[in-house]
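Novice: Chains as they are written, first to last, in this note's numbering: chain P, 31 to 256; chain D, 41 to 165.
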Amino acid sequence: MLVAVISLVGTVLLFLAMMTLHKKYPTPFLLPVLTTTFIICILLVMFNIPYASYMEGADWISKLLGPAIVGLAFPLYNQRALIFRYKVTIISGLVVAMIAGLVSVFAFLKLGNASETYILTAIPKSITTPVAMEISGSLGGISPMTVVLVMVAGFTGAFSAPLIFKICRIDSAISRGLSVGAASHGVGISKLVDYGEQEVSIGSLSMGISAVIGAFLCPLFVNLFM
Amino acid sequence: MRKFIKIIVQIAVLCVFNELGQLIVNTFNLVLPGSIMGLILLWLCLYTKLIKVEWIETGAGFLLMYLTLFFIPTTIGVIEYPELLSAPGLYLMAAVIVSTMVTIAIAGIVSKWLEKKEVHREESQ
Numbered sequence: 031m032l033v034a035v036i037s038l039v040g041t042v043l044l045f046l047a048m049m050t051l052h053k054k055y056p057t058p059f060l061l062p063v064l065t066t067t068f069i070i071c072i073l074l075v076m077f078n079i080p081y082a083s084y085m086e087g088a089d090w091i092s093k094l095l096g097p098a099i100v101g102l103a104f105p106l107y108n109q110r111a112l113i114f115r116y117k118v119t120i121i122s123g124l125v126v127a128m129i130a131g132l133v134s135v136f137a138f139l140k141l142g143n144a145s146e147t148y149i150l151t152a153i154p155k156s157i158t159t160p161v162a163m164e165i166s167g168s169l170g171g172i173s174p175m176t177v178v179l180v181m182v183a184g185f186t187g188a189f190s191a192p193l194i195f196k197i198c199r200i201d202s203a204i205s206r207g208l209s210v211g212a213a214s215h216g217v218g219i220s221k222l223v224d225y226g227e228q229e230v231s232i233g234s235l236s237m238g239i240s241a242v243i244g245a246f247l248c249p250l251f252v253n254l255f256m
Numbered sequence: 041m042r043k044f045i046k047i048i049v050q051i052a053v054l055c056v057f058n059e060l061g062q063l064i065v066n067t068f069n070l071v072l073p074g075s076i077m078g079l080i081l082l083w084l085c086l087y088t089k090l091i092k093v094e095w096i097e098t099g100a101g102f103l104l105m106y107l108t109l110f111f112i113p114t115t116i117g118v119i120e121y122p123e124l125l126s127a128p129g130l131y132l133m134a135a136v137i138v139s140t141m142v143t144i145a146i147a148g149i150v151s152k153w154l155e156k157k158e159v160h161r162e163e164s165q
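1. Interface residues of chain P around Asn58 (chain D) at Cβ under 7 Å?
2. From Ala98 (chain P) to Tyr107 (chain P), what does the alpha carbon distance come to, in whole angstroms?
3. With a threshold of 6 Å on Cβ separation, who are the neighbours of Leu150 (chain P) within its own chain once the five nearest residues in sequence on each side are excluded?
4. Quick check: the segment 211–220 of chain P against the segment 152–159 of chain D, are there 3 or more CB pairs under 8 Å?
5. Taking the continuous alpha helix (DSSP H) assigned at Phe297 (chain P), which residues delimit it?
6. Where does Ala45 (chain P) fall in DSSP's three states?
7. Which of the three DSSP states, helix, strand or coil, is assigned to Asn143 (chain P)?
8. With 16 other CB atoms within 10 Å as the buried threshold, where does Gly226 (chain P) fall?
9. Could you tell me the alpha carbon to alpha carbon distance between Val100 (chain P) and Leu124 (chain D), rounded to whole angstroms?
10. Would you check if the distance between the CB atom of Pro174 (chain P) and the CB atom of Thr114 (chain D) is smaller than 7 Å?
11. Anything in chain D within Cβ reach of Ile194 (chain P), meaning under 9 Å, just list it in chain order.
12. Under 7 Å between beta-carbons, which chain P residues line up against Val49 (chain D)? List them in chain order, please.
13. For chain D, find out if any of its Cβ atoms is closer than 7 Å to the Cβ of Val223 (chain P); answer yes or no.
14. Nearest chain D C-beta to Ser209 (chain P) closer than 7 Å, yes or no?
15. Please confirm if Pro56 (chain P) has its CB atom under 7 Å from at least one CB of chain D.
16. Might you give, ordered along the chain, the residues of its own chain that have their beta carbon closer than 6 Å to the beta carbon of Ile96 (chain D), omitting 5 neighbours on each side?
17. Is the segment 33–47 of chain P touching the segment 84–99 of chain P in the sense that three or more CB pairs, one from each, lie closer than 8 Å?
18. Do you know offhand how far Glu120 (chain D)'s Cα is from Tyr81 (chain P)'s?
19. Got a sec? Which residues, its chain only, sit under 8 Å from Phe45 (chain P) by beta carbon, not counting five neighbours each side?
20. Is the Cβ of Glu158 (chain D) closer than 7 Å to any Cβ of chain P?
21. Give every residue of the same chain whose Cβ lies closer than 7 Å to the Cβ of Ala245 (chain P), excluding the five residues on either side of it in the sequence, and list them in chain order.
22. In the DSSP assignment, find the alpha helix (DSSP H) that holds Asp89 (chain P) and state where it starts and stops.
23. Specify whether the segment 102–120 of chain P and the segment 98–107 of chain D touch according to this definition: at least 3 beta carbon pairs, one from each stretch, less than 8 Å apart.
24. Between the C-alpha atoms of Met275 (chain P) and Ile232 (chain P), what's the straight-line distance to the nearest angstrom?
25. Cβ atoms of Ser151 (chain D) and Thr158 (chain P): under 7 Å apart, would you say?
26. What residues from chain D crowd round Leu106 (chain P), counting only those whose CB sits closer than 7 Å?
27. Could you work out which residue in P:Ala130, P:Arg115, P:Gly131 and P:Asn143 is closest to Gly129 (chain D) when comparing CA atoms only?
28. Around the Cβ of Asn253 (chain P), are there at least 16 other Cβ atoms within 10 angstroms (buried) or fewer (exposed)?
29. Kindly list, in the order they appear in chain P, the residues whose Cβ is closer than 8 Å to that of Glu120 (chain D).
30. Can you pull the chain D neighbours of Ile200 (chain P), defined as C-beta to C-beta under 7 Å?
31. Considering only residues of the segment 136–183 of chain P, which uninterrupted alpha helix (DSSP H) runs meet the minimum length of 4 residues and lie entirely inside it, listed in chain order?
32. Check this for me: beta carbons of Ala188 (chain P) and Pro56 (chain P), under 7 Å apart or not?
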């Protein structure tokens with residue numbers, strides 16, 4: 031009981047502290063999700079607390095994930111003018127991006143003889159974490175591992191996007207925002223701030239819509255190819 | 041205090057949509073997170089003005105501000121999978137890195153081409 035209360039309250043307080051820290055030093059390495067997860071993992075190992083006892087309290091936090099995802103309808107509704115203005119580019123571009131991401135990760139893993147569970151775990155990697163986690167769970171992947179892979183995809187985008195933009199001459203706000211939003215979600219988008227406001231709004235829009243597209247395409251892909 | 045109650049009530053509205061989405065997904069046996077179905081429903085309700093933006097914006101804004109907090113407990117479950125640092129686990133991460141770079145390149149090139157066509161079409165109209 032005591033562990034449950036401490037887990038619940040402690041996670042929230044630590045997260046709020048880490049948010050303040052990130053506001054002061056805004057680098058992707060200090061993203062609250064990374065620092066909070068890292069510190070709690072260390073604490074659990076140090077004090078020999080099983081994950082199940084931690085979850086007795088902390089699982090209450092997860093209950094807000096569903097309503098929060100539903101809440102994404104609000105920014106997507108606000109940006110409807112931008113969506114309708116570039117509907118063909120955005121929708122077809124995002125479908126292409128999603129298929130490229132699915133096929134490439136599937137091909138690499140098949141090539142390396144990865145297990146089926148690993149493939150299912152990696153399939154939603156380019157989708158924003160909360161949704162990727164849910165998709166992974168419903169496909170039969172390992173959700174916490176998917177979260178780590180989503181972070182890896184995010185950081186890859188944040189660090190490699192400038193070079194890829196240069197090599198492939200991706201030079202418009204739409205193509206930059208769309209590609210990074212679709213492949214590297216929020217962490218990648220944080221890098222788009224260097225380019226401009228339009229890149230960022232196209233990026234977050236792309237992230238939201240690809241979460242919806244991905245929720246349909248991932249199970250379809252798995253049904254067809256696995 | 042009034043703002044606090046407003047947030048709670050609006051989150052309750054979002055919860056209703058989440059449950060509704062879950063219900064639809066279960067009823068039709070869809071392999072789709074219920075929350076995504078809820079998102080689509082809410083978007084449609086906002087678009088058709090069945091639901092006013094003012095009824096959800098404060099609650100949605102509040103939840104989205106702390107969105108990453110809500111998946112931290114599940115993420116911590118990764119401590120039960122030290123295999124991520126074994127050879128197959130590292131290969132998995134490498135595959136994700138390469139796939140992400142390929143995706144950015146393809147998506148960027150294709151959308152640049154699509155954008156040119158769409159803007160061109162609008163101008164010729």
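For each residue, glycine too, the CB sits at the ideal point set by N, CA and C.
Specialist: To lay it out plainly:
1. Gly96, Pro97 and Val100
2. 15 Å
3. Leu169, Gly170 and Gly171
4. no
5. Shown here, chain P extends from 31 to 256; a query on residue 297 (chain P) therefore has no answer.
6. Reading the sequence as shown, one finds Phe at residue 45 (chain P) and not Ala. In this structure, Phe45 (chain P) counts as helix in the three-state DSSP scheme.
7. coil
8. exposed
9. 31 Å
10. yes
11. Met141, Ile144, Ala145 and Gly148
12. What Val49 (chain D) touches in chain P: nothing, since even the nearest Cβ is about 12 Å away.
13. no
14. yes
15. no
16. Gln50 and Val53
17. yes
18. 8 Å
19. Pro62 and Thr66
20. yes
21. Val161 and Ile165
22. Tyr81 to Ser92
23. yes
24. Chain P is shown from 31 up to 256; residue 275 (chain P) falls before or after that span and cannot be answered.
25. no
26. Trp83
27. P:Asn143
28. exposed
29. Tyr81 and Pro174
30. Gly148, Ile149 and Lys152
31. 146–152 and 159–169
32. no
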